[in-house]
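Step one of this worksheet: look at the structure below.
Number of protein chains: 2
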Amino acid sequence: MDDHTLQVGPVRVQADRIVIATGSSPAVPAAWRERLGERLIVNDDVFDWQDLPSSVAVVGAGVIGLELAQALHRLGVRVRLYGRGERVGPLTDPALQTIARQVFGETLPMTLGVCHLDARREGHTVVVAAGAADGALQDERFDWLLAATGRRPNVGKLGLEHTTLPLDPAGVPVVDRRTGQVGNSSVFMAGDVAEDRPLLHEAADEGRIAGDNAGRFPDVRVRPRRAPLAVVFSEPQMALAGASHADLMRAGVPFQTGSVSFEDQGRSRVMGRNQGALHVYGEVATGRFLGAEMLGPAAEHIGHLLAWSVQRGDTVQQMLDSPFYHPVLEEGLRSALRHLQRELRMGPVPVERCLDCGPGA
Amino acid sequence: MDDHTLQVGPVRVQADRIVIATGSSPAVPAAWRERLGERLIVNDDVFDWQDLPSSVAVVGAGVIGLELAQALHRLGVRVRLYGRGERVGPLTDPALQTIARQVFGETLPMTLGVCHLDARREGHTVVVAAGAADGALQDERFDWLLAATGRRPNVGKLGLEHTTLPLDPAGVPVVDRRTGQVGNSSVFMAGDVAEDRPLLHEAADEGRIAGDNAGRFPDVRVRPRRAPLAVVFSEPQMALAGASHADLMRAGVPFQTGSVSFEDQGRSRVMGRNQGALHVYGEVATGRFLGAEMLGPAAEHIGHLLAWSVQRGDTVQQMLDSPFYHPVLEEGLRSALRHLQRELRMGPVPVERCLDCGPGA
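Which chain is which? The protein sequence lines are Y and X, in order.
Each residue of the first sequence is one higher than the one before, counting from 0 in numbering that gives the first Met the number 0.
Each residue of the second sequence is one higher than the one before, counting from 0 in numbering that gives the first Met the number 0.
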């Protein structure tokens, strides 16, 4: 009703401070729901299946779409993955996207860069007609259409239009992720509803921060957040740690890139999982490690190693001074860091402690 | 000949400074060589095989013995692993050793705690007779006996007895691993010959340090070393990072242990690799992370994460403040760290920055 009043059915609740933690829901075009009925499914529905369908169209080439399309494909289901853009998965580094398109495209039927996508129901099946800007529509028939077209915060029915809260163009409250606070109000947001990194470990922090600051209001505190880490459980896996390539370009940070290919990396070859590459980013002049993007084996583990280094504020040199066992995939990381260190042109490593300099030097 | 003179056949070499980097060789009892002849092999010989034998006795339950015994067993070779002590592999934490004996013993034929081991040749085979202190000798017949009974620095034929270098009881020069220097002499040692962590990444540092200090002599410098990291490529894998349990007991450091079992860890169960446990050690009063031992899935990766934290001097709290994705094995590490933090009884986490305290607080 207003910034301090909630109407729940016949009950009216007054509160000095409010935390919105209503989560998010899959964002599916209403027209598809109408036309496809129960033949339209979302990711959660897949886990209710008792047996496998023969074919599924997966629309949306983000994390959820890719993970599910690849899993179903590997389970023997005929799959096609449709993506509006040219990107598959969350990597923002253009060179890595090229590799990702090639690696996943080798096995998984994909149609990317889709401009027109039309889905209609025929009996118990779904016919998807898709085409690029300049191409004719291609029809393909499936048992199901799985919409992996993103999620939307559950704020539509909260009546936020009756409040003074600042809203973005989509009607979602504008929140400060460091405090959980919406504007300067006594309203806080936490979890998926805030649509900021919808990840379990981030949501736990958001809940703690929003709850704590709601309790402390008006003495709201900025709280540290964890270094960013995202993992895609595809094969090969993907990971983003710290700042992404897009983050760095947007921020205009002067940075250099070091890279390694896993195609010829020793351990990757032994494992027969020699696909992908790792790019590491370092700050010019300071030599600080900023972030990384990766497509390749054990990305979930190397992602942790790199995110923890971002969290510590490590320099590239400090990382190179750390142990790298043999023969391991982390030696590939070392190659990328060495490459980055050369690109940063920091000069030779100074002797660890200047015993030559004498007192006061 | 002396501290500055080397006789190589007819050539006599004079040098102000000398680096000994003669490596190491498998230490095999001379009596076995004599009795078993070419039926006695060492680890390197295995990689020359063109096809697999039907049976191999592996003597020595350290890293090399365990890795090779398990690999041969999994390739279908009849194997028995003999160990003098009760330990299998390098873990020094008694509780983890118990788990390791049980986990490896479930599949790999092992005879540990061997007091008497006698090997004789009969035709083209080797008969091993082994028994515990109180037991009768058990005979078993094999194609080969693989001796994995450690390595010995290659210094026997260097004539070190003609020098003034300090030698240990086994005749190996006493070296300072921080400088590579032997005593106060102008002789330096590097690599396997120094018998200190015979690992590739350590050997590279040792070469750099010994070479650099030989060049600088007499201005010898103490150089930082990497945090210890050891990995065993068994299944499940093992890892030791930072200080081992035995190191801490020996040093008398006041420490606490946090632990997690991988038997019921979410991701381990999904992977069907839910064996083993992880122990993490933290310093009482400072809360600093000291080291860890682990038997379990992806130990090579978690070992890197932990060794890098030791290298940085992280506290347990700093590690807990780092990102842990979901669902990953690193969440098991988080459970162990939380347990450790409770055991350290450091009290609640202080608010990150004291905005309540006012100036000067």
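Backbone N, C-alpha and C fix where the C-beta goes; we use that ideal spot for every residue, glycine too.
Give me whichever residues DSSP pairs with residue 120/Y in a beta bridge. Note: residue 120/Y sits in a beta bridge opposite 125/Y.
What does the alpha-carbon distance come out to for the pair residue 297/X and residue 328/X? Cα to Cα, the separation comes out at about 8 Å.
Are the CB atoms of residue 23/Y and residue 150/Y nearer to each other than 9 Å? yes
Against chain Y, does residue 324/X count as a neighbour if the rule is that its beta carbon must be under 9 Å from one of theirs? yes
Using a C-beta to C-beta distance shorter than 9 Å, which residues of chain Y count as neighbours of residue 361/X? Outside the shown range of chain X, which is 0 to 360, sits residue 361/X, and nothing can be said about it.
Let me check understanding here. Comparing Cα to Cα, which of 201/X, 216/X, 62/X, 284/X lies closest to residue 187/X? 216/X
Please state whether DSSP places residue 360/Y in a helix, a strand or coil. Summary for residue 360/Y: the model assigns pLDDT 43, below 50, so the residue's position carries little reliability, and this model does not support an answer.
Is it the case that the Cβ atoms of residue 45/Y and residue 198/Y are separated by a distance below 9 Å? no
Does the CB of residue 344/Y have a neighbour CB from chain X at under 9 Å? no
Cutoff 8 Å; reference residue 155/X; Cβ partners in own chain excluding five residues on either side: For residue 155/X, where only same-chain residues beyond five positions count, the Cβ hits under 8 Å are 170.
Could you check whether the Cβ of residue 349/Y sits closer than 9 Å to any Cβ belonging to chain X? No - not a single Cβ of chain X is within 9 Å of the one on residue 349/Y.
Residues in the same chain with beta-carbon distance under 7 Å from residue 119/Y, minus the five sequence neighbours each way, listed in chain order, please. Short of 7 Å from the beta carbon of residue 119/Y, and not among the five residues preceding or following it, lie these beta carbons of its own chain, in chain order: 34, 126.
Ignore the nearest five residues each way along the sequence and tell me which others in residue 315/Y's own chain have a CB closer than 7 Å to its CB. Contacts found: 281, 286, 288, 336, 339, 340, 343.
Residue 302/X versus residue 135/Y: straight-line alpha-carbon distance, rounded: 53 Å
Thinking residue 213/Y and residue 228/Y are a contact (beta carbons under 8 Å), I'd like their distance in whole angstroms, please. That belief does not hold up - the Cβ atoms of residue 213/Y and residue 228/Y are roughly 26 Å apart, past 8 Å.
For residue 259/X, list the residues DSSP reports as bridge partners. 277/X
Taking CB distances under 9 Å as the criterion, tell me whether residue 302/X reaches chain Y. For residue 302/X, the answer is yes, since a Cβ of chain Y falls inside 9 Å of its Cβ.
Positions along the segment 198-226 of chain Y whose CB lies within less than 8 Å of some CB in chain X: 198, 199, 200, 218, 220, 222, 223, 225, 226
In chain X, which residues lie less than 7 Å from residue 327/Y when you measure between Cβ atoms? Under the 7 Å cutoff, chain X gives 299.
Can you tell me whether residue 290/X is helix, strand or coil according to DSSP? strand
Which complete alpha helix (DSSP H) runs does the segment 19-98 of chain Y hold, if anything under 4 residues is left out? 29-35, 42-45, 62-73
Do you know how far the Cα of residue 57/X is from the Cα of residue 20/X? 29 Å
Alpha-carbon spacing of residue 234/Y relative to residue 319/X, whole angstroms: Rounded to whole angstroms, residue 234/Y to residue 319/X spans 28 Å at the Cα level.
Per-residue DSSP class, three states only, for residue 282/Y: strand
Comparing the C-beta of residue 143/Y with each C-beta of chain X, is any distance below 9 Å? no
Can you find the residues in the same chain that come closer than 6 Å, C-beta to C-beta, to residue 361/X, ignoring five residues on each side of it along the sequence? As shown, chain X starts at 0 and ends at 360. That puts residue 361/X outside it, with no answer to give.
Check each candidate in 333/X, 83/X, 78/X and name the one with the smallest Cα separation from residue 59/X. 83/X
C-alpha gap between residue 175/Y and residue 181/Y, whole angstroms: 6 Å
Is the beta carbon of residue 244/Y sitting closer than 9 Å to the one on residue 95/Y? yes
Taking C-alpha atoms, which residue in 347/X, 71/X, 178/X, 207/X lies nearest to residue 48/X? 71/X
Excluding sequence positions up to five away, which residues of its chain have a Cβ less than 6 Å from the Cβ of residue 334/X? 259
Residue(s) in a DSSP beta bridge with residue 151/Y: 24/Y
Per DSSP, which one or two residues make a beta bridge with residue 163/X? Among the bridge pairs identified by DSSP, residue 163/X is matched with none.
Buried or exposed for residue 106/X, please, with buried defined as at least 16 other CB atoms from any protein chain shown within 10 angstroms of its CB. With a 10 Å radius around the Cβ and a threshold of 16 neighbouring Cβ atoms, residue 106/X comes out exposed.
Is it right to say residue 321/X is buried, meaning 16 or more other beta carbons lie within 10 angstroms of its own, or is it exposed? That one is buried.
Please go through the same chain and pick out, in chain order, the residues whose beta-carbon is closer than 8 Å to the beta-carbon of residue 247/Y, but skip the five residues on each side of it. 254, 280, 289, 290
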